[in-house]
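Residue numbers (this note's numbering), protein chains in the order written: chain A, -6 to 236; chain B, -6 to 236.
Protein chains: 2
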Amino acid sequence: MQAPINPSISVDIVVFGFDGTRLKVLLIERQKLNEKATTEYKLPGSMISEKEDLDTSAHNTLQNLTGLKNIYLEQLYVFSNPNRISSDEDKQWIEHTYGISTNRIVTVSYFSLVKINLSILKTTIQGMAFWCDVQELKHVSFDHKEIILKGLERLKSRMQTTPVAFELLPKKFTIKQLQNLYEAILGIDIDNRNFRKKILKYPYLIQLNEREAKVSHKPAIFYQFDIHAYRQEQRKLKKLKIF
Amino acid sequence: MQAPINPSISVDIVVFGFDGTRLKVLLIERQKLNEKATTEYKLPGSMISEKEDLDTSAHNTLQNLTGLKNIYLEQLYVFSNPNRISSDEDKQWIEHTYGISTNRIVTVSYFSLVKINLSILKTTIQGMAFWCDVQELKHVSFDHKEIILKGLERLKSRMQTTPVAFELLPKKFTIKQLQNLYEAILGIDIDNRNFRKKILKYPYLIQLNEREAKVSHKPAIFYQFDIHAYRQEQRKLKKLKIF
């Protein structure tokens, strides 16, 4: 942990990942203050240090606490309720961890998406972080559940306006995986046929000459997202995009 | 100004308005420290007080400094460069205004849109604030020009995805006014015929049985935006909106 710190501002980072079936968020274990305490989890976060801007602070914090580096981060929302640090346990933990006694911390949350592949898994396991199912957020400290839900809200709205899904999927994916992702994030069941019909109209979805291997069901065809074709179409549309 | 204050976090509010021809931003005069100093302008802003969250702080600050109240505000971006308060004048002004000596303030900017009508004009004039043309930002203090440009960026992207234009226009408007607004915000010239053709296809743009009065040119027809028709169409589209 870098010193000196600013006792009133922190960063907390919401990293979402997708493992093919379930939407996950990256958490770390909060150090217990005594043996009897329940194990709690938190978002990777820290107080900002004096010489760093928030973006740098968020990147460094994420790397220090989870091993993840050089990933795209964007500001999500600032949480500033004057009572957001109110329980004795939370205050004690802050005093123990940062050596400061504070009544109020304003936190700037950041948002990120990663593909959970083997390399990322290895990094985060070594970094002592773990991927928690977004549907099973238990024992999450502070107001971090609220922060995760804010991130989920942004992810939902982003999914419906931009091709952000392909940042979460592997490079080659099946239509079923894409549908699973939409279902997991939007929290709805989608009709298989309608989904296929809709999605296969997209000219920037490229069918590959390759199928799943070693699966118990009929092997599905792989697809790839053509970002260049997508951008080209966007440029055409943008010439005069009103709303 | 409410005390006590938090010496490291402030709010700054970017309020955009449109007067029918030009895009404006609401500024206040920065109190001069001596008679010889150049007059400088700044965004309405202040340190946050201990008992308020940021939203409350932003609303109270805007009302105290400009008279505007109960308007929709949303978080824009957090500016946190460790050197954003670097000039001696800036430091002296902060010391004089807030009675604190600080090397670093992180500011959370807010974003808002209003219709500049007579009532708003009266309020802001009484509040000692003024509407500055976005194309003519001179003598703006601190990094407030950068904050305004960030707001403009959000406004541009919002204009191309949502019917935000109608929050800036009077209730009844002409197609020319709508076009002026798009030109002012996007910073481009738009072909009159193409614009009319495109915009008149929108089913939620209602032609009124009323024309401009007392104008030197041929009086143009007024239109109104039908927010209900728009929302209905959006709901239909959203049933399964992918991207």
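Here a beta-carbon is modelled for each residue, glycine too, at the ideal position from N, C-alpha and C.
Note on the stretch 101 to 169 of chain B: whole beta strand (DSSP E) runs with a minimum of 3 residues are 122 to 126, in chain order. Boundaries around serine 50/A are those of the alpha helix (DSSP H), 47 to 59, since no beta strand (DSSP E) includes it.
As far as DSSP is concerned, glycine 180/B takes part in no beta bridge. Tyrosine 34/B is positioned such that its CB atom lies no closer than 8 Å to that of valine 107/B.
The stretch 44 to 61 of chain A and the stretch 71 to 87 of chain A do not touch, with fewer than 3 CB-CB distances between them shorter than 8 Å.
For lysine 115/A and phenylalanine 188/B, the gap between their C-alpha atoms comes out near 54 Å. Here valine 101/B has Val4, Leu47, Val71 as same chain residues with Cβ atoms under 6 Å from its own Cβ, once five neighbours each way along the sequence are excluded. Residue Asp83/A holds the alpha-carbon nearest to the alpha-carbon of leucine 26/A among Asp12/A, Gly13/A, Leu61/A, Asp83/A. In this structure, isoleucine 183/A sits near glutamine 172/A, with a CB-CB distance shorter than 8 Å. Contact with chain A is absent for serine 79/B, since none of that chain's Cβ atoms lies less than 8 Å from the residue's Cβ.
For asparagine 187/A, the enclosing alpha helix (DSSP H) begins and ends at 185 to 192. Between phenylalanine 11/B and the set Ile199/B, Arg186/B, Leu145/B, the nearest pair of CA atoms involves Leu145/B. Residue pairing by DSSP places leucine 198/B opposite Phe218/B in a beta bridge.
Isoleucine 2/B places its beta carbon less than 8 Å from that of valine 99/A. Across the structure, glutamine 217/A and proline 163/A are spaced so that their CA atoms are roughly 9 Å apart. The C-beta of serine 73/A comes closer than 8 Å to at least one C-beta of chain B. Tryptophan 86/B is not a Cβ neighbour of leucine 19/B, given a cutoff of 8 Å.
Contact note: glutamate 45/B reaches chain A through Ser73, Pro75, using a C-beta cutoff of 9 Å and chain order. When secondary structure is reduced to three states using DSSP, glutamine 227/B falls in the helix class. Around phenylalanine 236/B, the beta-carbon contacts reaching into chain A at under 8 Å are Met152, Gln153, Thr154, Thr155, Pro156, Val157, Ala158. For glutamine 24/B, there is no enclosing alpha helix (DSSP H), as DSSP marks it with neither H nor E. A direct Cα-Cα distance of roughly 18 Å separates histidine 210/B from lysine 165/B. About 6 Å separates the CB atoms of valine 7/B and isoleucine 140/B; that is less than 8 Å, so the two are in contact. Using beta-carbon distances, tyrosine 70/B counts as an interface residue toward chain A, with a partner under 8 Å.
DSSP, reduced to helix, strand and coil, places lysine 84/B within a helical segment of the structure shown. Counting every other CB atom within 10 Å of its CB across the protein chains shown gives proline 196/B a total below 16, marking it as exposed. Comparing alpha-carbon positions, the option among Arg97/A, Gln225/A, Lys149/A, Leu36/A lying closest to tyrosine 103/A turns out to be Leu36/A.
Spanning the alpha carbons of glycine 92/A and glutamine 170/B requires a straight line of approximately 58 Å. In the structure shown, the three-state DSSP call for leucine 171/B is helix. The beta carbon of threonine 167/B lies closer than 8 Å to those of Glu205, Ala213, Ile214, Phe215, Tyr216 in the same chain, with the five residues before and after it left out. Per the DSSP secondary-structure output, lysine 211/A pairs with nothing in a beta bridge.
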